[in-house]
Amino acid sequence: MKSYKEVPLASIDLLNRDYLHSYPERSSFLIQSIKEVGLLQPPLLLEKPDGLIIICGEGRVKACLELEFEYLPCLILKDRYSDKDLFFISLQSNLFRPLNLVEKATFFNKVYHLLSEDEIPKTLNLLNLPAHLNTIQTLLVINKLNEDYKKLILNEKINPQILKYCENFDEKSFLNLLNIGVKLSLSFSEQRELFELAYDLMRVDKLEEFLEELSQLLDLEDYNQKKKAYKEAFMKFRYPFYSQKWKRLKEIKSLFTAKGIEVQYVPYLEERDVEIRFKVERLEDFEKRINFLRNHGREIFSIFDE
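First residue of the sequence shown: -10, per the working numbering; consecutive thereafter.
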(Lines of atoms letter the chains of each structure in order from A and count residues from 1; the text may use other names and numbers.)
(Lines give C-alpha, C1' and ligand atoms only; values in the text may rest on other atoms or scores of the structure.)
Protein backbone atom coordinates (compact mmCIF):
# COMPACT_ATOMS: atom_id res chain seq x y z
CA MET A 1 0.00 0.00 0.00
CA LYS A 2 1.17 3.54 -0.73
CA SER A 3 0.02 7.04 0.11
CA TYR A 4 0.65 10.42 -1.44
CA LYS A 5 1.79 13.35 0.68
CA GLU A 6 4.26 16.20 0.90
CA VAL A 7 7.27 15.48 3.05
CA PRO A 8 10.09 17.71 4.30
CA LEU A 9 13.19 17.18 2.19
CA ALA A 10 15.22 17.11 5.37
CA SER A 11 13.39 13.92 6.40
CA ILE A 12 14.69 11.94 3.41
CA ASP A 13 17.87 9.94 3.91
CA LEU A 14 19.98 10.83 0.85
CA LEU A 15 22.87 8.58 1.86
CA ASN A 16 20.89 5.36 1.79
CA ARG A 17 21.13 3.78 -1.68
CA ASP A 18 20.14 0.26 -0.67
CA TYR A 19 17.54 -0.06 -3.44
CA LEU A 20 18.96 2.36 -5.99
CA HIS A 21 21.01 1.59 -9.09
CA SER A 22 21.08 4.81 -11.15
CA TYR A 23 24.53 5.79 -12.45
CA PRO A 24 25.99 8.33 -12.89
CA GLU A 25 24.44 11.16 -10.84
CA ARG A 26 21.33 12.34 -12.73
CA SER A 27 20.21 15.42 -10.77
CA SER A 28 22.10 17.81 -13.06
CA PHE A 29 20.00 16.63 -16.02
CA LEU A 30 16.74 17.24 -14.16
CA ILE A 31 17.27 20.67 -12.60
CA GLN A 32 16.39 22.66 -15.71
CA SER A 33 13.38 20.47 -16.44
CA ILE A 34 11.99 20.92 -12.92
CA LYS A 35 12.67 24.64 -13.14
CA GLU A 36 10.62 24.93 -16.33
CA VAL A 37 7.69 22.57 -15.77
CA GLY A 38 7.90 21.50 -12.14
CA LEU A 39 8.04 17.99 -10.69
CA LEU A 40 5.89 15.87 -13.01
CA GLN A 41 6.37 12.53 -11.27
CA PRO A 42 6.70 12.24 -7.49
CA PRO A 43 9.58 10.16 -6.08
CA LEU A 44 8.79 6.84 -4.44
CA LEU A 45 9.92 6.53 -0.81
CA LEU A 46 9.89 3.78 1.78
CA GLU A 47 8.89 4.64 5.30
CA LYS A 48 11.23 3.12 7.90
CA PRO A 49 11.41 3.59 11.67
CA ASP A 50 14.42 5.90 11.34
CA GLY A 51 13.12 7.94 8.40
CA LEU A 52 12.37 7.86 4.67
CA ILE A 53 14.62 6.23 2.06
CA ILE A 54 14.41 6.53 -1.71
CA ILE A 55 13.15 3.60 -3.80
CA CYS A 56 12.91 5.55 -7.03
CA GLY A 57 13.53 9.18 -7.97
CA GLU A 58 16.89 9.94 -6.40
CA GLY A 59 17.78 12.37 -9.20
CA ARG A 60 14.50 14.25 -8.71
CA VAL A 61 14.99 14.48 -4.94
CA LYS A 62 18.54 15.82 -5.26
CA ALA A 63 17.54 18.25 -8.01
CA CYS A 64 14.78 19.63 -5.79
CA LEU A 65 17.27 19.91 -2.94
CA GLU A 66 19.57 22.01 -5.14
CA LEU A 67 16.56 24.13 -6.12
CA GLU A 68 15.98 24.70 -2.37
CA PHE A 69 12.59 22.99 -2.12
CA GLU A 70 11.54 22.58 1.51
CA TYR A 71 8.75 20.09 0.88
CA LEU A 72 8.37 17.50 -1.84
CA PRO A 73 5.28 15.61 -3.03
CA CYS A 74 6.07 11.90 -2.77
CA LEU A 75 4.52 8.48 -2.90
CA ILE A 76 5.15 6.67 0.38
CA LEU A 77 5.26 2.90 0.69
CA LYS A 78 3.95 1.89 4.09
CA ASP A 79 3.36 -1.82 3.84
CA ARG A 80 6.14 -4.25 4.54
CA TYR A 81 7.68 -5.40 1.28
CA SER A 82 10.43 -7.96 0.87
CA ASP A 83 13.82 -6.71 -0.25
CA LYS A 84 13.38 -8.52 -3.55
CA ASP A 85 10.05 -6.80 -4.16
CA LEU A 86 11.57 -3.40 -3.40
CA PHE A 87 14.48 -4.00 -5.77
CA PHE A 88 12.11 -4.87 -8.60
CA ILE A 89 9.80 -1.95 -7.81
CA SER A 90 12.83 0.31 -8.13
CA LEU A 91 13.82 -1.35 -11.41
CA GLN A 92 10.36 -1.20 -12.94
CA SER A 93 10.12 2.48 -12.01
CA ASN A 94 13.24 3.16 -14.09
CA LEU A 95 12.50 1.09 -17.18
CA PHE A 96 10.92 4.11 -18.89
CA ARG A 97 14.51 4.90 -19.99
CA PRO A 98 17.32 2.65 -21.27
CA LEU A 99 19.60 1.56 -18.44
CA ASN A 100 23.32 1.63 -19.05
CA LEU A 101 25.49 -1.42 -18.37
CA VAL A 102 26.80 -0.12 -15.02
CA GLU A 103 23.23 0.41 -13.80
CA LYS A 104 22.27 -3.09 -14.88
CA ALA A 105 25.31 -4.49 -13.06
CA THR A 106 24.51 -2.54 -9.90
CA PHE A 107 20.92 -3.79 -9.85
CA PHE A 108 21.85 -7.38 -10.68
CA ASN A 109 24.49 -7.56 -7.95
CA LYS A 110 21.99 -6.36 -5.37
CA VAL A 111 19.31 -8.85 -6.31
CA TYR A 112 21.40 -11.82 -7.48
CA HIS A 113 21.57 -13.60 -4.12
CA LEU A 114 17.78 -13.34 -3.77
CA LEU A 115 16.94 -14.98 -7.08
CA SER A 116 16.03 -18.58 -7.66
CA GLU A 117 17.70 -20.49 -10.49
CA ASP A 118 14.64 -19.94 -12.70
CA GLU A 119 14.47 -16.22 -11.91
CA ILE A 120 18.03 -15.45 -13.03
CA PRO A 121 17.44 -15.77 -16.82
CA LYS A 122 14.11 -13.94 -16.48
CA THR A 123 15.86 -11.08 -14.71
CA LEU A 124 18.58 -10.91 -17.37
CA ASN A 125 15.90 -10.80 -20.07
CA LEU A 126 14.16 -7.99 -18.17
CA LEU A 127 17.47 -6.11 -18.28
CA ASN A 128 17.64 -6.81 -22.04
CA LEU A 129 20.79 -8.91 -21.59
CA PRO A 130 21.66 -12.40 -22.90
CA ALA A 131 20.83 -15.10 -20.37
CA HIS A 132 24.33 -16.61 -20.33
CA LEU A 133 26.91 -17.40 -17.67
CA ASN A 134 29.30 -14.92 -19.31
CA THR A 135 26.73 -12.17 -18.78
CA ILE A 136 26.51 -12.96 -15.08
CA GLN A 137 30.31 -12.98 -14.75
CA THR A 138 30.55 -9.63 -16.53
CA LEU A 139 27.91 -7.98 -14.33
CA LEU A 140 29.52 -9.26 -11.14
CA VAL A 141 32.94 -7.92 -12.18
CA ILE A 142 31.62 -4.49 -13.18
CA ASN A 143 30.18 -4.01 -9.72
CA LYS A 144 33.62 -4.65 -8.16
CA LEU A 145 35.40 -2.03 -10.27
CA ASN A 146 36.07 1.46 -8.98
CA GLU A 147 34.45 4.61 -10.36
CA ASP A 148 37.21 5.29 -12.88
CA TYR A 149 36.77 1.93 -14.59
CA LYS A 150 32.97 2.22 -14.51
CA LYS A 151 33.22 5.56 -16.32
CA LEU A 152 35.54 3.98 -18.90
CA ILE A 153 32.95 1.26 -19.51
CA LEU A 154 30.21 3.88 -19.97
CA ASN A 155 32.45 5.80 -22.39
CA GLU A 156 33.10 2.57 -24.34
CA LYS A 157 36.83 2.58 -23.61
CA ILE A 158 36.72 -0.94 -22.13
CA ASN A 159 35.21 -3.95 -23.87
CA PRO A 160 32.76 -5.50 -21.37
CA GLN A 161 33.35 -8.92 -22.90
CA ILE A 162 36.91 -9.08 -21.54
CA LEU A 163 35.76 -8.69 -17.93
CA LYS A 164 34.98 -12.40 -17.78
CA TYR A 165 38.76 -12.98 -17.65
CA CYS A 166 38.90 -11.38 -14.19
CA GLU A 167 38.72 -14.72 -12.42
CA ASN A 168 41.65 -16.07 -14.45
CA PHE A 169 44.18 -13.46 -13.32
CA ASP A 170 45.27 -11.98 -10.03
CA GLU A 171 43.90 -8.48 -9.45
CA LYS A 172 47.17 -6.69 -10.26
CA SER A 173 47.64 -8.44 -13.62
CA PHE A 174 43.98 -8.01 -14.56
CA LEU A 175 44.03 -4.25 -13.87
CA ASN A 176 47.38 -3.90 -15.67
CA LEU A 177 45.86 -5.46 -18.77
CA LEU A 178 42.81 -3.18 -18.54
CA ASN A 179 45.04 -0.12 -18.23
CA ILE A 180 47.20 -1.18 -21.18
CA GLY A 181 44.10 -1.48 -23.37
CA VAL A 182 42.89 1.97 -22.32
CA LYS A 183 46.26 3.76 -22.58
CA LEU A 184 46.88 2.34 -26.05
CA SER A 185 43.30 3.06 -27.17
CA LEU A 186 42.92 -0.55 -28.28
CA SER A 187 39.74 -1.41 -30.12
CA PHE A 188 37.32 -3.89 -28.56
CA SER A 189 38.68 -6.68 -30.78
CA GLU A 190 42.28 -5.75 -29.91
CA GLN A 191 41.43 -5.81 -26.19
CA ARG A 192 39.92 -9.27 -26.60
CA GLU A 193 43.04 -10.49 -28.42
CA LEU A 194 45.24 -8.99 -25.68
CA PHE A 195 43.41 -10.88 -22.94
CA GLU A 196 43.34 -14.10 -24.94
CA LEU A 197 47.11 -13.91 -25.45
CA ALA A 198 47.70 -12.98 -21.80
CA TYR A 199 45.67 -16.01 -20.71
CA ASP A 200 47.72 -18.30 -22.97
CA LEU A 201 50.99 -16.80 -21.71
CA MET A 202 49.93 -17.21 -18.08
CA ARG A 203 49.57 -20.95 -18.65
CA VAL A 204 53.20 -21.18 -19.81
CA ASP A 205 54.61 -18.77 -17.18
CA LYS A 206 55.28 -16.00 -19.71
CA LEU A 207 52.70 -13.45 -18.52
CA GLU A 208 55.01 -11.52 -16.20
CA GLU A 209 57.61 -11.13 -18.96
CA PHE A 210 54.89 -9.95 -21.36
CA LEU A 211 53.48 -7.37 -18.91
CA GLU A 212 56.96 -6.06 -18.14
CA GLU A 213 57.66 -5.44 -21.83
CA LEU A 214 54.30 -3.73 -22.31
CA SER A 215 54.80 -1.51 -19.25
CA GLN A 216 58.09 -0.27 -20.71
CA LEU A 217 56.64 0.70 -24.06
CA LEU A 218 53.91 2.73 -22.34
CA ASP A 219 56.64 5.21 -21.39
CA LEU A 220 57.10 6.18 -25.04
CA GLU A 221 55.79 9.69 -25.64
CA ASP A 222 54.80 9.40 -29.31
CA TYR A 223 51.51 7.51 -29.65
CA ASN A 224 52.34 6.06 -33.07
CA GLN A 225 55.65 4.70 -31.79
CA LYS A 226 53.88 3.31 -28.76
CA LYS A 227 51.27 1.54 -30.87
CA LYS A 228 53.92 0.16 -33.23
CA ALA A 229 55.98 -1.12 -30.31
CA TYR A 230 52.86 -2.76 -28.87
CA LYS A 231 52.11 -4.59 -32.11
CA GLU A 232 55.69 -5.83 -32.31
CA ALA A 233 55.60 -7.05 -28.70
CA PHE A 234 52.21 -8.68 -29.28
CA MET A 235 53.46 -10.55 -32.34
CA LYS A 236 56.67 -11.53 -30.60
CA PHE A 237 54.77 -13.30 -27.83
CA ARG A 238 51.86 -14.44 -29.99
CA TYR A 239 54.10 -16.01 -32.62
CA PRO A 240 57.43 -16.84 -30.95
CA PHE A 241 58.25 -19.21 -33.83
CA TYR A 242 57.90 -16.35 -36.30
CA SER A 243 59.79 -13.73 -34.29
CA GLN A 244 62.80 -16.03 -33.96
CA LYS A 245 62.90 -16.48 -37.74
CA TRP A 246 62.20 -12.86 -38.71
CA LYS A 247 65.86 -11.98 -39.49
CA ARG A 248 66.38 -15.12 -41.55
CA LEU A 249 63.10 -14.47 -43.39
CA LYS A 250 64.26 -11.02 -44.50
CA GLU A 251 67.56 -12.48 -45.74
CA ILE A 252 65.77 -15.05 -47.89
CA LYS A 253 63.34 -12.51 -49.36
CA SER A 254 66.23 -10.11 -50.12
CA LEU A 255 68.18 -12.85 -51.88
CA PHE A 256 65.34 -13.54 -54.31
CA THR A 257 64.24 -9.90 -54.67
CA ALA A 258 67.74 -9.12 -56.00
CA LYS A 259 67.02 -11.55 -58.86
CA GLY A 260 63.58 -10.09 -59.60
CA ILE A 261 61.67 -12.80 -57.75
CA GLU A 262 59.11 -11.95 -55.07
CA VAL A 263 58.62 -14.54 -52.33
CA GLN A 264 55.51 -14.25 -50.14
CA TYR A 265 54.89 -16.41 -47.09
CA VAL A 266 51.60 -16.99 -45.27
CA PRO A 267 51.41 -14.41 -42.43
CA TYR A 268 53.46 -15.49 -39.40
CA LEU A 269 54.38 -18.76 -41.15
CA GLU A 270 51.17 -20.36 -39.90
CA GLU A 271 51.14 -22.57 -43.00
CA ARG A 272 53.87 -23.97 -45.22
CA ASP A 273 52.43 -22.41 -48.38
CA VAL A 274 54.64 -20.02 -50.36
CA GLU A 275 53.71 -17.74 -53.24
CA ILE A 276 56.43 -16.95 -55.83
CA ARG A 277 56.03 -14.15 -58.37
CA PHE A 278 58.17 -12.71 -61.12
CA LYS A 279 57.70 -10.80 -64.37
CA VAL A 280 59.58 -11.42 -67.61
CA GLU A 281 59.47 -9.98 -71.10
CA ARG A 282 61.74 -12.50 -72.80
CA LEU A 283 62.10 -16.26 -72.75
CA GLU A 284 65.73 -15.79 -71.78
CA ASP A 285 64.71 -13.95 -68.60
CA PHE A 286 62.18 -16.66 -67.82
CA GLU A 287 64.87 -19.35 -68.07
CA LYS A 288 67.18 -17.34 -65.79
CA ARG A 289 64.48 -17.09 -63.10
CA ILE A 290 63.70 -20.80 -63.35
CA ASN A 291 67.37 -21.77 -63.14
CA PHE A 292 67.88 -19.55 -60.11
CA LEU A 293 64.89 -21.12 -58.42
CA ARG A 294 66.14 -24.58 -59.32
CA ASN A 295 69.54 -23.86 -57.75
CA HIS A 296 68.42 -21.84 -54.72
CA GLY A 297 64.78 -22.84 -54.17
CA ARG A 298 65.71 -24.88 -51.10
CA GLU A 299 66.48 -21.58 -49.34
CA ILE A 300 62.81 -20.61 -49.56
CA PHE A 301 61.65 -23.67 -47.62
CA SER A 302 64.60 -23.89 -45.26
CA ILE A 303 62.86 -21.37 -42.97
CA PHE A 304 60.34 -24.05 -42.01
CA ASP A 305 62.97 -26.62 -41.06
CA GLU A 306 65.45 -24.52 -39.10
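Every residue, glycine too, gets a C-beta built ideally from N, C-alpha and C. What you are looking at is a predicted structure, and each value in this text was computed from that prediction instead of being measured.
Give the straight-line distance between the Cα atoms of residue i and residue j, rounded to the nearest whole angstrom.
{"i": "F267", "j": "W235", "result": "23 Å"}
{"i": "S17", "j": "S11", "result": "13 Å"}
{"i": "E298", "j": "K172", "result": "No information on residue 298 is available, as it lies outside the stretch -10 to 295 that the chain covers here."}
{"i": "F97", "j": "F230", "result": "45 Å"}
{"i": "P119", "j": "L113", "result": "6 Å"}
{"i": "L9", "j": "Y188", "result": "36 Å"}
{"i": "E259", "j": "E221", "result": "17 Å"}
{"i": "P256", "j": "D137", "result": "38 Å"}
{"i": "I241", "j": "P110", "result": "57 Å"}
{"i": "L116", "j": "N83", "result": "11 Å"}
{"i": "F77", "j": "L28", "result": "23 Å"}
{"i": "I265", "j": "Y254", "result": "9 Å"}
{"i": "S291", "j": "E106", "result": "58 Å"}
{"i": "L75", "j": "F177", "result": "36 Å"}
{"i": "E210", "j": "K217", "result": "12 Å"}
Around the C-beta of residue i, are 16 or more other C-beta atoms found within 10 angstroms, so that it is buried, or is it exposed?
{"i": "K99", "result": "buried"}
{"i": "Q205", "result": "exposed"}
{"i": "R49", "result": "buried"}
{"i": "Y212", "result": "exposed"}
{"i": "N148", "result": "buried"}
{"i": "Q180", "result": "buried"}
{"i": "L66", "result": "buried"}
{"i": "G46", "result": "buried"}
{"i": "Y(-7)", "result": "exposed"}
{"i": "K37", "result": "exposed"}
Less than 6 Å between C-beta atoms, sequence neighbours within five positions excluded: which residues of the same chain meet that for residue i?
{"i": "K248", "result": "F281"}
{"i": "F293", "result": "R261"}
{"i": "P31", "result": "P62, C63 and L64"}
Skipping 5 residues on each side, what residues in its chain have a beta carbon closer than 8 Å to that of residue i?
{"i": "P273", "result": "Correcting the residue type first, residue 273 is Glu in the shown sequence and not Pro. Cβ within range, chain order: n/a, list empty."}
{"i": "N89", "result": "Y12 and L143"}
{"i": "I278", "result": "Note on identity: in this sequence residue 278 is Arg, with Ile being the wrong assignment. The residues are K248, G249, I250, F267 and V269."}
Excluding the 5 residues flanking residue i on each side, which residues of the same chain have their C-beta closer than 7 Å to its C-beta?
{"i": "Q81", "result": "none"}
{"i": "R227", "result": "L186"}
Just confirm the distance between the C-beta atoms of residue i and residue j, as a whole number of angstroms; I'd bet it's less than 8 Å.
{"i": "V263", "j": "V252", "result": "6 Å"}
{"i": "K306", "j": "L207", "result": "Limits of the chain in this structure are -10 at one end and 295 at the other, which puts residue 306 out of reach."}
{"i": "C63", "j": "L34", "result": "5 Å"}
{"i": "L103", "j": "D72", "result": "6 Å"}
{"i": "T95", "j": "N132", "result": "6 Å"}
{"i": "L183", "j": "L175", "result": "6 Å"}
{"i": "L244", "j": "E288", "result": "6 Å"}
Can you determine whether any heavy atom of the ligand ZN sits closer than 6 Å to the C-beta of residue i, and answer yes or no?
{"i": "R227", "result": "In the structure shown, the ligand ZN is absent, as is every other ligand, since no ligand is present at all."}
Next on the checklist: Counting beta carbon pairs with one atom in the stretch -5 to 5 and one in the stretch 41 to 54, are three or more of them shorter than 8 Å?
Outcome noted: yes
Checklist entry - Counting Cβ pairs, one atom from each stretch, are 3 or more of them under 8 Å apart for the stretch 141 to 149 and the stretch 162 to 175? => result yes
Next on the checklist: Check whether the stretch 52 to 64 and the stretch 23 to 39 touch, using three or more Cβ-Cβ pairs below 8 Å as the test.
Outcome noted: yes
Checklist entry - How do the stretch 117 to 129 and the stretch 152 to 159 stand: do at least 3 beta-carbon pairs fall below 8 Å, yes or no? => result yes
Checklist entry - Is the stretch 177 to 196 close to the stretch 155 to 163, with three or more CB pairs under 8 Å? => result yes
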